[in-house]
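Enquirer: Take a look at this one; I'll ask things after.
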Amino acid sequence: MTTDLLRLRADAAENRDRLLEAARALFADRGLAVPMREIARRAEVGPATLYRRFPTKQSLIDAAFEDELLACRRIVSVGCTRPDPWQGFAFVLEHLTVLNTANQGFVDAFTSAHPAADVFAAHRRDLLGQLSGLAARAQAAGSLRADFVLDDLVLVLLAGRGLAAAPVSARAAAARRFAALALEGFRSAPGAGVLPPPARLAAGAVAGAAVGSLQPFTAAAKA
Numbered sequence: 001m002t003t004d005l006l007r008l009r010a011d012a013a014e015n016r017d018r019l020l021e022a023a024r025a026l027f028a029d030r031g032l033a034v035p036m037r038e039i040a041r042r043a044e045v046g047p048a049t050l051y052r053r054f055p056t057k058q059s060l061i062d063a064a065f066e067d068e069l070l071a072c073r074r075i076v077s078v079g080c081t082r083p084d085p086w087q088g089f090a091f092v093l094e095h096l097t098v099l100n101t102a103n104q105g106f107v108d109a110f111t112s113a114h115p116a117a118d119v120f121a122a123h124r125r126d127l128l129g130q131l132s133g134l135a136a137r138a139q140a141a142g143s144l145r146a147d148f149v150l151d152d153l154v155l156v157l158l159a160g161r162g163l164a165a166a167p168v169s170a171r172a173a174a175a176r177r178f179a180a181l182a183l184e185g186f187r188s189a190p191g192a193g194v195l196p197p198p199a200r201l202a203a204g205a206v207a208g209a210a211v212g213s214l215q216p217f218t219a220a221a222k223a
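Letter by letter, the sequence shown follows residues 1 to 223 of full-length UniProt numbering.
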């Protein structure tokens, strides 16, 4: 392999890394509405280079959030393997809340829907299925209130979006506090009040319904 070809490949890899770094930084700070040309300027590459590497904004979003998706899956996997299902449920809620407040772009991606994002629809359905089983085990153990439904977890994660407006230095602590307060509401306790009917935020997602069913687990966004 010639030196020129090696240099071209190295340049291409460097350009891709710079584009992803720029996209993650801008998405985190301003959400997903950042124009593609601005991402190219931030990465100090031309628009043609950007579109050659990422033909659509969705493809750039997918690549930029790949690590966060893996982190999300690890959180759910660890929680679901905990011997005590309540501890596993608490672990998932806390760590997903912290994850969702760390990156505004990721929050935006998780809370929007795009019908072409098949990989994220599968991701959403899989995680919801795992969490449904975890919640059922926690209820069977008497730890999770009997009237809990998966929509309630989605509701808390959606409400946690507001924490992204807190100062960066306080977000993680605020997320953990918020999750702990929510967990007290989920805990089974004598004399607990009756909840209003749930908002159907996750209906059909486990069965593979259309996107929008599990918004916090959907890393898809408008191109």
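Glycine residues also receive a C-beta, built at the ideal position from the N, C-alpha and C atoms.
Rounded to a whole number of angstroms, what is the C-alpha to C-alpha distance between TYR51 and ASP29?
Expert: Rounded to the nearest angstrom, the two C-alpha atoms are 22 Å apart.
Enquirer: Below 6 Å CB to CB, which residues in the same chain sit around residue 227 once its five sequence neighbours on both sides are set aside?
Expert: Because the chain in this structure spans residues 1 to 223, residue 227 falls outside the shown range and cannot be described.
Enquirer: Using beta-carbon positions only, say whether ARG24 and ARG53 come within less than 8 Å of one another.
Expert: No.
Enquirer: Let me know if ASP147 comes out buried or exposed under the rule of 16 or more other beta-carbons within 10 Å of its beta-carbon.
Expert: So ASP147 ends up on the exposed side.
Enquirer: Please go through the same chain and pick out, in chain order, the residues whose beta-carbon is closer than 6 Å to the beta-carbon of ALA102, but skip the five residues on each side of it.
Expert: Excluding positions up to five away in sequence, the list is empty.
Enquirer: Tell me the DSSP bridge mates of ARG187?
Expert: Looking at the DSSP assignment, ARG187 forms a beta bridge with LEU144.
Enquirer: On the DSSP letters alone, give me the boundaries of the alpha helix (DSSP H) that GLY88 sits inside.
Expert: First-last of the alpha helix (DSSP H) with GLY88: 85 to 102.
Enquirer: Between ASP126 and GLY191, what straight-line distance do the alpha-carbon atoms span, to the nearest angstrom?
Expert: ASP126 and GLY191: Cα-Cα distance of roughly 34 Å.
Enquirer: Taking the alpha-carbon positions, what's the ILE61 to GLN87 distance?
Expert: Those two C-alpha atoms are separated by around 32 Å.
Enquirer: By how many angstroms is the C-alpha of LYS57 removed from the C-alpha of ARG200?
Expert: The alpha-carbon atoms of ARG200 and LYS57 are separated by roughly 30 Å.
Enquirer: Within 10 Å of its beta-carbon, does VAL194 have 16 or more other beta-carbons around it, so buried, or fewer, so exposed?
Expert: Exposed, since its Cβ has fewer than 16 Cβ neighbours within 10 Å.
Enquirer: In angstroms, rounded to a whole number, what distance separates the CA positions of PRO197 and LEU155?
Expert: Going by the C-alpha atoms only, they are around 13 Å apart.
Enquirer: Quick one: residues in its chain with C-beta nearer than 6 Å to the C-beta of GLY162, no 5 flanking neighbours on either side, listed in chain order?
Expert: So no residue of the chain qualifies.
Enquirer: Select from ARG137, ASN100, LEU157 the residue whose C-alpha is nearest the C-alpha of VAL168.
Expert: It is ASN100.
Enquirer: Expressed to the nearest angstrom, what Euclidean distance is found between the alpha-carbon atoms of GLU184 and PHE65?
Expert: Each residue's Cα considered, the two are about 31 Å apart.
Enquirer: Would you mind giving the Cβ-Cβ distance between ALA141 and PRO85, rounded to the nearest angstrom? I have them listed as a contact below 8 Å.
Expert: Contact holds; Cβ gap of about 6 Å.
Enquirer: By Cβ distance, which residues of its chain are closer than 8 Å to LEU144, with the 5 residues on each side in sequence left out?
Expert: Once the five neighbours on either side are set aside, the close Cβ partners of LEU144 are PRO85, TRP86, PHE89, ALA135, ALA138, PHE186, ARG187, SER188.
Enquirer: What residues in its chain sit with their C-beta under 7 Å from that of PHE91, if we drop five residues either side in the sequence?
Expert: Excluding sequence neighbours, PHE91 sits near VAL78, GLY79, ARG82.
Enquirer: If you draw a straight line from the C-alpha of LEU158 to the C-alpha of LEU70, how long is it?
Expert: Whole-angstrom Cα-Cα distance: 20 Å.
Enquirer: According to DSSP, simplified to helix, strand and coil, what is PRO35?
Expert: The answer is coil: DSSP assigns PRO35 none of H, G, I, E or B.
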